[in-house]
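Quick note, the sequence shown lines up with residues 138 to 267 if you use the working numbering. Have a look at the structure below before the remarks.
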Amino acid sequence: MAKLSTEELLEAFKELTLIELSEFVKAFEETFEVTAAAPVAVAAAGAPAAGGGDAAAEEEKDSFDVVLEAAGDKKIQVIKVVRELTSLGLGEAKAVVDGAPKAVLEGANKETADKAKAALEEAGATVTLK
Numbered sequence: 138m139a140k141l142s143t144e145e146l147l148e149a150f151k152e153l154t155l156i157e158l159s160e161f162v163k164a165f166e167e168t169f170e171v172t173a174a175a176p177v178a179v180a181a182a183g184a185p186a187a188g189g190g191d192a193a194a195e196e197e198k199d200s201f202d203v204v205l206e207a208a209g210d211k212k213i214q215v216i217k218v219v220r221e222l223t224s225l226g227l228g229e230a231k232a233v234v235d236g237a238p239k240a241v242l243e244g245a246n247k248e249t250a251d252k253a254k255a256a257l258e259e260a261g262a263t264v265t266l267k
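This is the structure we're talking about:
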């Protein structure tokens with residue numbers, strides 16, 4: 138098998154849906170006996186100390202994850218909003234909603250994250266930004 142460059146790997150990942158990417162991460166973690174979340178936790182723990190406080194770190198943050206905590210009692214409406222916000226099909230969007238808490242958008246800018254949170258909350262979901 139030819140070795141793929143970092144750029145080629147990134148291009149391949151861009152074509153995956155959130156569900157496919159999540160499945161890949163799980164398989165990667167199992168294969169290499171690592172946890173993909175560990176470096177993120179270390180980086181997040183170091184950020185406030187470097188930034189001099191939570192307010193400074195919050196202002197500098199330009200990438201947000203929109204996390205669906207619970208669908209509420211209007212699950213069908215929430216699934217529709219998840220489909221509008223992502224390129225997921227009906228089955229994949231339902232899996233995200235059923236699997237809550239689950240990230241709907243990852244690495245979104247502040248404006249996109251706020252709009253997504255508002256749309257999901259309007260549909261009856263409980264949402265957090267991380």
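Glycine included, C-beta positions come from ideal geometry on N, C-alpha and C. Computed from a predicted model, the values in this text were never measured in an experiment.
Burial state of residue i, where buried means 16 or more other Cβ atoms lie within 10 Å
i, result
"Glu145", "exposed"
"Lys247", "exposed"
"Glu160", "exposed"
"Lys140", "exposed"
"Ala255", "exposed"
Sheet register partners of residue i (DSSP bridge)
i, result
"Ala207", "Thr263"
"Lys252", "Answer by DSSP bridge pairing: none, since Lys252 is not bridged."
Which of helix, strand or coil DSSP assigns to residue i
i, result
"Gly226", "coil"
"Asp274", "Residue 274 cannot be examined here, being either before or after the span of the chain that is shown, 138 to 267."
"Lys212", "helix"
Straight-line gap, residue i to residue j (C-alpha atoms, nearest Å)
i, j, result
"Val233", "Leu225", "9 Å"
"Ile216", "Lys231", "6 Å"
"Ala245", "Ser200", "5 Å"
"Lys151", "Leu242", "13 Å"
"Thr265", "Glu206", "7 Å"
"Val204", "Ile156", "14 Å"
"Val162", "Ala240", "14 Å"
"Val218", "Leu153", "20 Å"
"Leu222", "Ser142", "30 Å"
"Lys212", "Thr249", "22 Å"
Beta-carbon separation (whole angstroms), residue i vs residue j, contact threshold 8 Å
i, j, result
"Gly209", "Thr263", "6 Å"
"Gln214", "Ala260", "4 Å"
"Asp202", "Lys252", "With 8 Å as the limit, Asp202 and Lys252 do not qualify as a contact, their Cβ atoms being about 14 Å apart."
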